[in-house]
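Asker: Yeah, the sequence shown ends on 414 if you go by the working numbering, and it's all consecutive.
Glycine is no exception: its CB is placed at the ideal position from the N, C-alpha and C atoms.
Computed from a predicted structure; not experimentally measured.
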Amino acid sequence: MDKKKAVIVGGGFGGVKAALELQKNKKLDVILVSDNPNFEYYPGLHKLVGVSEHAVVSIPLATIFKNKNVTVILEKVMGIDGDKKTVTTSSQTISAEFIVVAVGSQTEYFGISGLKEMAFGLKSVAQAMELRAHVEEMFQKHAKADKAEAVMGLHMVVVGAGPNGTDLAGELASFGRMLAKKYAIPETMMTIDLVEGAPRVLPMMSENVSMRVMKRLQRLGVDVLCNRDLRKEEGWTVEFADMKIGAKTLVWTAGITTNELVKNIPGLILGKKNRIAVDDYLQPKKTDGSSIQNVFIVGDAADTKFSGLAQTAITDGSFVANAVQSRLANKELKKYVPQPIAYNIGVGPRWSVFVMGTFEFFGILAYAMRSLIDTRFFLSILPVGEVWKLYFKK
Ligand SMILES: Cc1cc2nc3c(=O)[nH]c(=O)nc-3n(C[C@H](O)[C@H](O)[C@H](O)COP(=O)(O)OP(=O)(O)OC[C@H]3O[C@@H](n4cnc5c(N)ncnc54)[C@H](O)[C@@H]3O)c2cc1C
Numbered sequence: 021m022d023k024k025k026a027v028i029v030g031g032g033f034g035g036v037k038a039a040l041e042l043q044k045n046k047k048l049d050v051i052l053v054s055d056n057p058n059f060e061y062y063p064g065l066h067k068l069v070g071v072s073e074h075a076v077v078s079i080p081l082a083t084i085f086k087n088k089n090v091t092v093i094l095e096k097v098m099g100i101d102g103d104k105k106t107v108t109t110s111s112q113t114i115s116a117e118f119i120v121v122a123v124g125s126q127t128e129y130f131g132i133s134g135l136k137e138m139a140f141g142l143k144s145v146a147q148a149m150e151l152r153a154h155v156e157e158m159f160q161k162h163a164k165a166d167k168a169e170a171v172m173g174l175h176m177v178v179v180g181a182g183p184n185g186t187d188l189a190g191e192l193a194s195f196g197r198m199l200a201k202k203y204a205i206p207e208t209m210m211t212i213d214l215v216e217g218a219p220r221v222l223p224m225m226s227e228n229v230s231m232r233v234m235k236r237l238q239r240l241g242v243d244v245l246c247n248r249d250l251r252k253e254e255g256w257t258v259e260f261a262d263m264k265i266g267a268k269t270l271v272w273t274a275g276i277t278t279n280e281l282v283k284n285i286p287g288l289i290l291g292k293k294n295r296i297a298v299d300d301y302l303q304p305k306k307t308d309g310s311s312i313q314n315v316f317i318v319g320d321a322a323d324t325k326f327s328g329l330a331q332t333a334i335t336d337g338s339f340v341a342n343a344v345q346s347r348l349a350n351k352e353l354k355k356y357v358p359q360p361i362a363y364n365i366g367v368g369p370r371w372s373v374f375v376m377g378t379f380e381f382f383g384i385l386a387y388a389m390r391s392l393i394d395t396r397f398f399l400s401i402l403p404v405g406e407v408w409k410l411y412f413k414k
């Protein structure tokens with residue numbers, strides 16, 4: 021049988037979902053190219069910087085695609101030509117009938133002076149581990165330091181009170197308390213500021229959610245400072261309109277832009293946060309009003325209503341797999357409809373807020389629900405035995 025080729029770029033939420041669905045079609049050769057041998061489960065990253073017992077954050081692509089009709093190539097993609105239907109990696113150019121671009125997003129520093137060089141991030145397992153090691157090192161180093169030095173060394177600033185910053189600040193507070201005990205440092209030496217440019221935390225949520233989350237953060241010992249934009253970071257000094265803070269730990273969670281690879285795809289229109297403008301079938305729009313046929317953009321890279329969320333990337337991956345199957349069968353493609361989303365945002369250990377439309381609930385039950393959502397997702401990409409190993413194998 022003359023097989024067609026589908027190349028998926030990116031082994032994250034959207035790419036993995038698309039590959040798992042597409043490989044069921046025996047008329048296709050499915051190739052997934054990723055610069056990371058692992059699928060990283062970003063919603064679990066905060067736990068790496070906290071006191072939580074066990075965090076599942078990384079699954080080898082080889083495990084996900086074991087016994088599946090998918091060839092995994094571990095290389096960085098340098099360019100994609102939609103019209104020529106080619107994907108160029110560091111060592112080869114692959115031609116394909118279908119291309120799925122699922123390259124996600126990266127941190128945006130908005131040109132703020134000193135930020136890129138000094139700030140920690142939370143956008144990968146490596147960054148989360150680096151931050152954890154740094155925080156522990158700060159406590160270790162300042163256990164016997166003089167007071168002035170210790171308060172600066174144990175001052176942590178998290179910029180951005182969106183879901184990531186809020187969750188992280190809560191985890192850091194608990195982790196910091198644990199380390200204070202371990203290194204016999206009074207807890208009062210430690211400061212955690214969560215700084216936000218908008219008037220309230222989680223500004224995209226209702227005022228009720230912001231207020232409940234704010235109270236939870238305060239209970240955990242996090243200082244919340246709103247209406248403040250970061251101006252610059254210089255020599256461990258973080259500067260806002262009304263103050264300069266001496267802090268040895270700054271975590272930047274306030275900016276995101278599409279993966280730099282999109283700059284190397286000719287003829288695209290970029291929208292908000294440099295996301296790629298797409299037509300009704302998630303194909304990239306061109307400046308002349310047409311679209312690039314049989315190239316599909318999914319997840320964070322696509323300029324869709326709910327882009328920027330894992331659940332959207334998963335929906336997109338599934339949609340695109342259906343679109344490719346329809347093309348192969350010469351059937352009419354269904355139009356893409358953004359799916360309603362729910363938020364489950366953790367704030368420190370074992371406490372979450374769940375929001376779906378106007379329905380909101382908080383606390384340990386919401387956290388339990390989050391754990392169920394995580395498990396359900398792992399079961400959607402792995403056999404039960406592998407999920408069991410993820411949770412219980414040391
Ligand atoms: C800390 C954190 C917590 C989050 N929590 C939640 C949450 O609770 N709920 C939620 O819905 N969303 C959450 N998100 C957002 C969610 O993780 C993203 O929306 C989602 O990962 C987007 O999926 P994607 O497939 O578009 O990209 P990604 O999952 O980022 O995957 C992109 C893939 O492309 C690969 N890649 C990139 N460039 C190249 C290249 N040049 N060549 C080859 N491969 C490349 C990467 O290695 C990666 O495998 C969170 C994000 C973060 C950072």
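What separation, rounded to the nearest whole angstrom, lies between the Cα atoms of V120 and K354?
Answerer: For this step, residue 120 is matched to residue 100 along the sequence shown. For this step, residue 354 is matched to residue 334 along the sequence shown. Cα to Cα, V120 sits roughly 17 angstroms from K354.
Asker: Which whole runs of the beta strand (DSSP E) in the segment 163-249 are 3 residues long or more, in chain order?
Answerer: The qualifying runs are 175-179, 211-215, 242-245.
Asker: Does the distance between the C-beta of N33 and the nearest non-hydrogen atom of ligand 1 fall short of 6 angstroms?
Answerer: Walking along the sequence shown from the start, residue 33 turns up at place 13. First, the residue type needs correcting, since residue 33 is Phe and not Asn in the sequence shown. Because some heavy atom of ligand 1 lies under 6 angstroms away, the Cβ of F33 counts as near it: yes.
Asker: Mind checking M263: buried by the 16 CB within 10 Å criterion, or exposed?
Answerer: Taking the sequence shown and counting its residues from 1, one reaches residue 263 at position 243. Answer is exposed; the Cβ neighbour count stays below 16.
Asker: Just to confirm my understanding: we take Y356, look at its own chain, exclude 5 residues before and 5 after, and list those with CB closer than 7 angstroms. What are they?
Answerer: Along the sequence shown, one-based indexing puts residue 356 at 336. Only D300, Y301, L302, F339 meet the Cβ criterion.
Asker: Taking the Cβ atom as the reference point for each residue, do V29 and V92 lie within a distance shorter than 7 angstroms?
Answerer: Translated into positions along the sequence shown, residue 29 becomes position 9. Translated into positions along the sequence shown, residue 92 becomes position 72. No, the Cβ-Cβ distance between V29 and V92 is not below 7 angstroms.
Asker: Any heavy atom of ligand 1 closer than 6 angstroms to the beta-carbon of P57?
Answerer: Reading the sequence shown from its first residue, position 37 is the one you call residue 57. P57: no, Cβ never under 6 angstroms from ligand 1.
Asker: Is it right to say F412 is buried, meaning 16 or more other beta carbons lie within 10 angstroms of its own, or is it exposed?
Answerer: Residue numbering aside, residue 412 sits at position 392 when the sequence shown is read from its first letter. Label assigned to F412: exposed.
Asker: As a quick exercise: from D49, L142, S72, pick the residue whose alpha carbon is nearest that of L270.
Answerer: Within the sequence shown, residue 270 is the residue found at index 250, counting from 1. Checked all of D49, L142, S72; the closest Cα to L270 is L142.
Asker: Counting along the chain, where does the alpha helix (DSSP H) carrying L290 start and finish?
Answerer: Reading the sequence shown from its first residue, position 270 is the one you call residue 290. Unbroken run through L290: none, as it is neither H nor E.
Asker: Assign D213 to one of two classes, buried (16 or more other C-beta atoms within 10 Å of its C-beta) or exposed (fewer than that).
Answerer: In the sequence shown, the residue the question calls residue 213 occupies position 193. Label assigned to D213: buried.
Asker: Rounding to the nearest angstrom, what Cα-Cα distance links A10 and M210 in this structure?
Answerer: No answer is possible for residue 10: the residues shown for the chain start at 21 and end at 414.
Asker: My parser needs the beta strand (DSSP E) runs of 3 or more residues fully inside the segment 42-82; what are they?
Answerer: 48-54, 58-60, 78-80
Asker: For D300, which of helix, strand or coil comes out of DSSP?
Answerer: By 1-based counting over the sequence shown, the position of residue 300 is 280. In the structure shown, D300 sits in coil (DSSP, three-state: anything other than H, G, I, E or B).
Asker: So what does L418 bridge to, in DSSP terms?
Answerer: Any question about residue 418 goes unanswered here, given that the chain covers just 21 to 414.
Asker: Of the residues T273, A333, R232, E137, which one's Cα is nearest the Cα of E254?
Answerer: Working through the sequence shown from its first residue, we reach residue 254 at position 234. Minimum Cα distance to E254 is reached at E137.
Asker: Is any beta-carbon of chain E found at less than 7 angstroms from that of M263?
Answerer: Here chain E cannot be found, since the structure has a single protein chain.
Asker: Between which two residues does the beta strand (DSSP E) containing F140 stretch?
Answerer: Position 120 of the sequence shown, counted from the first residue, corresponds to residue 140. Premise fails: F140 is in no beta strand (DSSP E) and is neither H nor E.
Asker: May I ask whether a heavy atom of ligand 1 can be found less than 6 angstroms away from the beta carbon of L288?
Answerer: The residue given as residue 288 occupies position 268 in the sequence shown. For L288, the Cβ stays outside the 6 angstroms cut-off from all heavy atoms of ligand 1.
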